[in-house]
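Adding 190 to a residue's 1-based position in the sequence shown gives its number in the numbering used here.
For every residue, glycine included, the Cβ atom is placed at its ideal position computed from N, Cα and C.
If you're wondering where the values come from, they're calculated on a predicted model, not measured in any experiment.
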Amino acid sequence: MVQNPYHQPVMVQEVVELLRPISPRLIVDATYGGGGHTRAMLEAFPDLTVVAIDQDPDAIAQGPAGDAVRLVQANFASLDQIAQEICSEEISNGAPIPCIDGFVFDIGVSSHQIDQPERGFSYRRRGPIDMRMDRDAELGADAIVNHWPVDDIADILWRYGEERMARRIARAIVAARPITDTEHLAVVVAESVPAAVRRRKHPARKVFQAIRIAVNDELGSLELGLEAAIHWVRPGGRVLVISYHSLEDRIVKRRFAAGTAGCECPPDFPVCNCGRVAELRSPARKPLRPTDTEVEANPRSRSAILRVAEKVVA
Ligand SMILES: C[S@@+](CC[C@H](N)C(=O)[O-])C[C@H]1O[C@@H](n2cnc3c(N)ncnc32)[C@H](O)[C@@H]1O
191 MVQNPYHQPV MVQEVVELLR PISPRLIVDA TYGGGGHTRA MLEAFPDLTV VAIDQDPDAI
251 AQGPAGDAVR LVQANFASLD QIAQEICSEE ISNGAPIPCI DGFVFDIGVS SHQIDQPERG
311 FSYRRRGPID MRMDRDAELG ADAIVNHWPV DDIADILWRY GEERMARRIA RAIVAARPIT
371 DTEHLAVVVA ESVPAAVRRR KHPARKVFQA IRIAVNDELG SLELGLEAAI HWVRPGGRVL
431 VISYHSLEDR IVKRRFAAGT AGCECPPDFP VCNCGRVAEL RSPARKPLRP TDTEVEANPR
491 SRSAILRVAE KVVA
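Written as structure tokens, this is what we have:
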């Protein structure tokens with residue numbers, strides 16, 4: 191496997207194989223990162239054009255992974271406008287119609303973001319308390335850590351970190367202000383929990399995850415991006431999502447399940463009168479996970495879960 195120093199892509203072969211049956215010509219890679227998925231798709235499908243999106247200027251600054259790539263620096267929360275523009279030449283009844291063969295989301299952070307101390311994503315590296323993927327965004331992690339009220343901090347630690355000691359940790363953060371850098375924050379968190387908890391996993395892991403999700407509104411963006419992808423994928427096209435923790439995966443699972451649910455009338459009704467028709471179908475029986483070999487070669491892939499849905503042909 192060729193190592194990409196920016197980010198080692200996860201489940202690349204699985205992504206390509208899930209797209210192969212639809213012979214894609216136009217894909218939106220909603221999370222370009224180091225361009226690993228884009229590159230693999232271009233190699234597998236010679237006629238392919240990729241519109242590659244990332245909100246991080248560092249990802250865009252690497253340049254396109256090939257001639258057939260158009261880079262867009264944006265949050266995929268605005269995918270509806272981006273896709274509408276892409277499909278603006280396919281008009282029916284005066285409005286653009288879904289024209290995109292596939293969407294690939296490989297959400298979360300890239301290794302590049304975690305490994306650069308100055309981005310402030312890692313509790314293991316000393317840097318400013320930042321965590322913005324989009325460096326022009328207004329809200330950085332410092333505002334949360336050093337200025338938010340204790341209740342609001344406890345709320346995000348509980349909701350986005352599923353942290354059982356959310357209130358206790360939030361109180362410790364507020365009491366230790368000003369917290370100067372990521373290392374300081376990690377120490378404050380570690381010292382706020384009982385020694386037995388400290389010995390298991392580093393308690394700052396969930397806290398950093400929660401603050402990062404809040405800073406980047408990751409779950410809100412995913413809901414919006416997913417909705418737009420399901421709308422703008424053409425009938426017979428596919429939407430693929432790789433997520434890395436249960437909060438993200440739950441959103442994908444529920445949305446795909448809602449889309450695949452058809453008529454909800456009782457089975458003894460002779461004809462459907464609820465009017466519900468499935469907009470999606472599931473080409474894979476179960477979500478996919480990385481192989482043991484991949485996890486061994488790239489431990490950051492271990493929590494990945496890949497889901498796919500196909501737009502139903504009306
Ligand atoms: C796991 S990496 C993707 C890696 C990529 N698939 C590759 O093969 O190199 C996630 C990337 O998605 C970007 N990202 C995360 N959320 C985003 C959002 N809401 N809008 C746009 N980009 C986002 C991050 O900036 C990061 O570069």
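Any beta-carbon of chain D closer than 8 Å to the one on residue i?
| i | result |
| --- | --- |
| A419 | Although the question refers to chain D, the structure presented lacks it and comprises just one protein chain. |
Just to check, is the beta-carbon of residue i closer than 7 Å to a non-hydrogen atom of ligand 1?
| i | result |
| --- | --- |
| P199 | yes |
| G449 | no |
| Q274 | no |
| G426 | no |
| D326 | no |
| N488 | no |
| Q245 | yes |
| D403 | Correcting the residue identity first, residue 403 is Ile in this sequence and not Asp. I403: no, Cβ never under 7 Å from ligand 1. |
| I297 | yes |
| E204 | no |
| T239 | no |
| A249 | yes |
| S312 | no |
| F235 | no |
| M321 | no |
| A400 | no |
| Y222 | yes |
| A265 | A small fix is needed here, since residue 265 is Asn in this sequence, not Ala. It does: the Cβ of N265 is within 7 Å (strictly closer) of some heavy atom of ligand 1. |
| E408 | yes |
| S300 | yes |
| A282 | According to the sequence shown, residue 282 is Ser rather than Ala. Checking every heavy atom of ligand 1 against the Cβ of S282, none is found closer than 7 Å. |
| S411 | yes |
| H227 | yes |
Among all the DSSP beta bridges, which residues are the ones paired with residue i?
| i | result |
| --- | --- |
| L470 | K501 |
| F295 | V431 |
| R507 | Since the first and last residues shown for the chain are 191 and 504, residue 507 lies out of range. |
| I290 | V423 |
| A385 | According to DSSP, A385 bridges with nothing at all. |
| I478 | Strictly speaking, residue 478 in this sequence is Leu, with Ile absent from that position. Per DSSP, L496. |
| I369 | Beta-bridge pairing links I369 to no other residue. |
| I281 | P286 |
First and last residue of the beta strand (DSSP E) that includes residue i?
| i | result |
| --- | --- |
| L436 | Residue identity differs from the one stated: residue 436 is Ser in this sequence, not Leu. First-last for S436: S436 to T450, but that is the alpha helix (DSSP H), not the beta strand (DSSP E). |
| I217 | L216 to D219 |
In the DSSP assignment, the alpha helix (DSSP H) including residue i goes from what residue to what residue?
| i | result |
| --- | --- |
| K391 | Premise fails: K391 is in no alpha helix (DSSP H) and is neither H nor E. |
| Y196 | Careful: Y196 lies outside any alpha helix (DSSP H) and carries neither H nor E. |
| W350 | A small fix is needed here, since residue 350 is Tyr in this sequence, not Trp. Segment V340 to G351, the alpha helix (DSSP H) holding Y350. |
| N336 | A331 to H337 |
| L304 | What sits at residue 304 in the sequence shown is Ile, not Leu. Here the alpha helix (DSSP H) through I304 covers S301 to D305. |
| Q274 | L269 to I276 |
| A234 | G226 to A234 |
| V461 | Here V461 belongs to no alpha helix (DSSP H), and DSSP marks it neither H nor E. |
| I250 | P247 to A251 |
| E204 | V202 to L209 |
Are the region 238-245 and the region 214-228 in contact at 8 Å, needing three or more beta carbon pairs?
Here the region 238-245 lies against the region 214-228, with 3 or more beta-carbon pairs under 8 Å apart.
Could you check whether the region 370-383 touches the region 314-321, counting it as contact only if at least three pairs of C-beta atoms, one from each stretch, sit closer than 8 Å?
Result yes; three or more Cβ-Cβ pairs closer than 8 Å.
I'd like to know if the region 357-365 and the region 336-348 are in contact, where contact means that at least 3 CB-CB pairs between them fall below 8 Å.
A contact exists between the region 357-365 and the region 336-348.
Would you check if there are 3 or more beta carbon pairs closer than 8 Å linking the region 454-471 to the region 396-416?
No, because fewer than three Cβ pairs between the region 454-471 and the region 396-416 fall closer than 8 Å, the two stretches do not touch.
At least three beta-carbon pairs within less than 8 Å, the region 428-438 to the region 483-501
Because the criterion of three Cβ pairs below 8 Å is met, the region 428-438 and the region 483-501 touch.
Taking contact to mean at least 3 C-beta pairs separated by less than 8 Å, is the region 278-287 in contact with the region 295-306?
When C-beta atoms of the region 278-287 are compared with those of the region 295-306, fewer than three pairs fall below 8 Å, so the two segments do not count as touching.
Between the region 346-353 and the region 399-414, can you find at least three pairs of beta-carbon atoms closer than 8 Å?
By the Cβ test, the region 399-414 is in contact with the region 346-353, since at least three Cβ pairs between them sit closer than 8 Å.
Is it a yes or a no for the region 462-471 touching the region 440-451, going by three-plus beta-carbon pairs under 8 Å?
Touching, yes, given that three or more Cβ pairs across the two stretches are closer than 8 Å.
Does the contact criterion of 3 or more C-beta pairs under 8 Å hold for the region 414-433 versus the region 285-294?
Contact between the region 414-433 and the region 285-294 is present: three or more C-beta pairs spanning the two stretches fall below 8 Å.
Three or more C-beta pairs below 8 Å linking the region 244-261 and the region 225-235
Enough Cβ pairs lie closer than 8 Å, so yes.
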